[in-house]
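What follows is one structure encoded as structure tokens, with my remarks underneath.
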Amino acid sequence: IGTQFIESNFTQSLALSSSPKWRIVEDISDTAFFEVFQIFQPFLKGDDQQLQLSQKNKLKNDGLNGYNQLYIFIGMGVRPFEDAMSRDLKHNIVMGLIIFFLGMAGFVSLFWAQNYTRSRKLLLDIRAFASEIVANLPVGIVASNSDYKITYINDVACALLGTKQKEAKGRPSNKILPNYIWKLHELIKKKQDVVEKKVTLISDNNKPLPVAVSATNIIDANQNFVGYLFVLKDLSEIRQLEIKTQRIEKLAAIGSLAAGIAHEVRNPLSSIKGYVTFFGSLFESGSENRKAAKLMAEEVDRVNRVISELLEFARPSDLKLKKTDMHALINHSIKIVAHEAESSGIRIVKDIPSDLPEIMADPDRLLQVLLNLYINAIQAIKGEGQLKIRIKHNNIRVRINIYDTGIGIPLQDRQKIFDPYYTTKKNGTGLGLAIAHKIIEDHDGAISVKSQENKGTTFIIYLPVKTSYKRES
């Protein structure tokens, strides 16, 4: 109080304006203060602008330099504000860093999530692809866990083992797999990586089914034991191909043999028969010598017939193909054997549709096949019985069933009846069915047999329906 507060050169700027002003000043201790100052008029209303203006003009005209006017100064320390600003800055920096790292975390999380989604989708696609491949493999697959319970089995394995997936999954392996297959896991335990074995399963129709079995351990990525894997492969087609190959090799050998026999034996046989007939004529009719000569001539004829059949079987096919009316062919073949069947007490039953299509075939060779099968059927029936010919067809093939009520064919003979020289007849040559089989195959057809001992036999012939025919070289 009583001292000078402001500099003298500052008073002029104070008198020129009555509106509030501010400044920042520092004391001798370098402490900053924020000052707000204005003309001190406590009794004037803030909205009395006219009075304020006249007062301002009066001050200007009087030129009092602001000394006769009162002023008010309000000073506030800047340090709290600066501290608050510093704290705000630090807070903003911290919040910025937090938001930055949260943003980065969100970006990384989004990137990870996208990668996870993409990887999961890729894994699911790979699983679906692998499952589809495994499910459609032409081999049977059976997998078990470390507790020996089945965890996976495909349709092929179910068909081979005669079970269903719902029944097999979760059950002990030794309850589904035959004992001689399940025991393969014991060999794997003896440090063998893969064990292979050929076994024979029994199919639903009680037929033996050759199967190749492979067994191995299932190891995960960490080299931990997970379970066992069994792979079953049906060898039926391979076995049939082996049989067919063996048969072709036999035919090739027979062909070479037939050519030699025909050349070396047939001419001497003709000479023998001529001399036998000549010497037989020297004896009296009805004498034992005459009968012996006749028997010799018959045996020569039988040998000659065997050679003829052998040549027919061995030589390449020479089919004379033409459009053949199957209805007329079947009826003609039945008429040929009708008398022999009736004399043996055998009734012929036929079931032939009237709309049988014409096929490209050699009617003479097909007639030979049918007559061979009819005669075999008549000879197989002991006493009264029935010979039935039934035909079905579609746009693809004609099926001919020839059924008899004879003694049947033993199981051990069924796989051999089409082999050359295999016969159960005392005077048979063993070439009749072999020739029939060859003729049907030459027509691009197939022939098979079903039989039960003491109940009867059925030969089934399949012939393709063709409007044209071209032999393959």
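If you read the sequence shown in this note's numbering, its first letter stands for residue 702, the second for the next number, and so on.
By construction, the Cβ of each residue, glycine as well, lies at the ideal position given by its N, Cα and C atoms.
The structure presented is a predicted model; accordingly, all values stated were derived computationally and were not measured.
Starting from Q1113, trace the alpha helix (DSSP H) both ways and give me its first and last residue.
Position 412 of the sequence shown, counted from the start, is the residue given in the question as residue 1113. Per DSSP, Q1113 belongs to the alpha helix (DSSP H) from L1112 to R1115.
Quick one: any contact between the stretch 1026-1038 and the stretch 1061-1078, if contact means 3 or more CB pairs under 8 Å?
Yes: at least three Cβ pairs fall under 8 Å.
Give a yes or no on whether the C-beta atoms belonging to I697 and I1108 are separated by under 8 Å.
Outside the displayed range of the chain (702 to 1174) lies residue 697, so it cannot be described from this structure.
Tell me the rounded alpha-carbon separation between I1118 and K934.
Locating residue 1118 in the sequence shown gives position 417, where the first residue counts as 1. Locating residue 934 in the sequence shown gives position 233, where the first residue counts as 1. Taking the straight line joining both Cα atoms gives about 28 Å.
Please name the residue, chosen from K1036, K1156 and G1131, that lies closest to K686 on a Cα-to-Cα basis.
As shown, the chain starts at 702 and ends at 1174. That puts residue 686 outside it, with no answer to give.
Given this structure, state the Cα-to-Cα distance separating N990 from T1025, to the nearest angstrom.
In the sequence shown, counting from the first residue as 1, residue 990 sits at position 289. In the sequence shown, counting from the first residue as 1, residue 1025 sits at position 324. Taking the straight line from one Cα to the other gives about 50 Å.
Going by CA-CA distance only, name the one from C859, R724 and L902 that's closest to F774.
As a working mapping, residue 774 is identified with position 73 in the sequence shown. That would be R724, whose Cα lies nearest to the Cα of F774.
Measure the C-alpha to C-alpha separation of L684 and K1139 and round it to an integer number of angstroms.
Residue coverage of the chain in this structure runs from 702 to 1174, which leaves residue 684 outside it and unanswerable.
Which whole-angstrom value is the C-beta distance of P911 and K898, which I expect to be below 8 Å?
Here residue 911 refers to the residue found at position 210 of the sequence shown. Here residue 898 refers to the residue found at position 197 of the sequence shown. The Cβ separation is near 12 Å, so there is no contact.
Would you say E736 faces chain C, with C-beta separation under 8 Å as the test?
Judged by its chain identifiers, the structure shown contains no chain C, having just a single protein chain.
Rank S1055, R1066, K1051 and E708 by C-alpha distance to the C-alpha of Y1104 and give the top, closest one.
To locate residue 1104, count along the sequence shown from 1; it is residue 403. Checked all of S1055, R1066, K1051 and E708; the closest Cα to Y1104 is K1051.
Look at the alpha carbon of V1166 and the alpha carbon of N1095, and state the distance between them as a whole number of angstroms.
Translated into the one-based positions of the sequence shown, residue 1166 becomes position 465. Translated into the one-based positions of the sequence shown, residue 1095 becomes position 394. When rounded, the distance between both Cα atoms is 8 Å.
Would you mind reading off the limits of the beta strand (DSSP E) that contains H1144?
Residue numbering aside, residue 1144 sits at position 443 when the sequence shown is read from its first letter. That residue, H1144, is in no beta strand (DSSP E); it is neither H nor E in DSSP.
Beta carbon of F734, beta carbon of M777: below 8 Å?
In the sequence shown, the residue the question calls residue 734 occupies position 33. In the sequence shown, the residue the question calls residue 777 occupies position 76. In contact: F734 and M777 (Cβ atoms closer than 8 Å).
May I have a chain-ordered list of the beta strand (DSSP E) segments no shorter than 3 residues that lie completely inside the stretch 987-1032?
Those beta strand (DSSP E) runs which fall completely within the stretch 987-1032 and span 3+ residues are 1023-1026.
Which runs of the beta strand (DSSP E), 3 residues or longer, sit entirely within the stretch 912-960?
Listed in chain order, they are 926-935.
To the nearest angstrom, how far is it from the Cα of S832 to the Cα of V843?
Stepping through the sequence shown from its first residue, residue 832 is reached at position 131. Stepping through the sequence shown from its first residue, residue 843 is reached at position 142. If you take the alpha carbons of S832 and V843, they lie about 13 Å apart.
On the criterion of 16 or more Cβ atoms from any shown chain inside 10 Å, does F931 qualify as buried, or is it exposed?
Taking the first residue of the sequence shown as position 1, residue 931 is located at position 230. Counting Cβ neighbours within 10 Å, F931 comes out buried, since at least 16 surround it.
Considering only C-alpha positions, which residue in the set D1002, G987, E965 and L958 is nearest to V977?
Numbered from its first residue, the sequence shown carries residue 977 at position 276. Checking every option, the nearest Cα to that of V977 belongs to D1002.
The alpha helix (DSSP H) that contains P1064, what's its start and end?
For this step, residue 1064 is matched to residue 363 along the sequence shown. Taken as a continuous stretch (DSSP letters only), the alpha helix (DSSP H) holding P1064 covers P1064 to A1081.
What does the alpha-carbon distance come out to for the pair I889 and L1022?
Counting from 1 along the sequence shown, the entry for residue 889 is found at position 188. Counting from 1 along the sequence shown, the entry for residue 1022 is found at position 321. Cα to Cα, the separation comes out at about 59 Å.
Can you check which of these residues, I944, L970 and T946, is closest to R1006 by C-alpha distance?
Residue 1006 sits at position 305 when you count from the first residue of the sequence shown. Answer by Cα proximity: L970.
Could you tell me the distance, in whole angstroms, from the CA atom of P1064 to the CA atom of L1057?
Numbered from its first residue, the sequence shown carries residue 1064 at position 363. Numbered from its first residue, the sequence shown carries residue 1057 at position 356. Computed Cα separation, rounded: 15 Å.
Can you look up Q815 in the DSSP assignment and give me helix, strand or coil?
In the sequence shown, residue 815 corresponds to position 114, counting from 1. Here Q815 sits in helix by DSSP.
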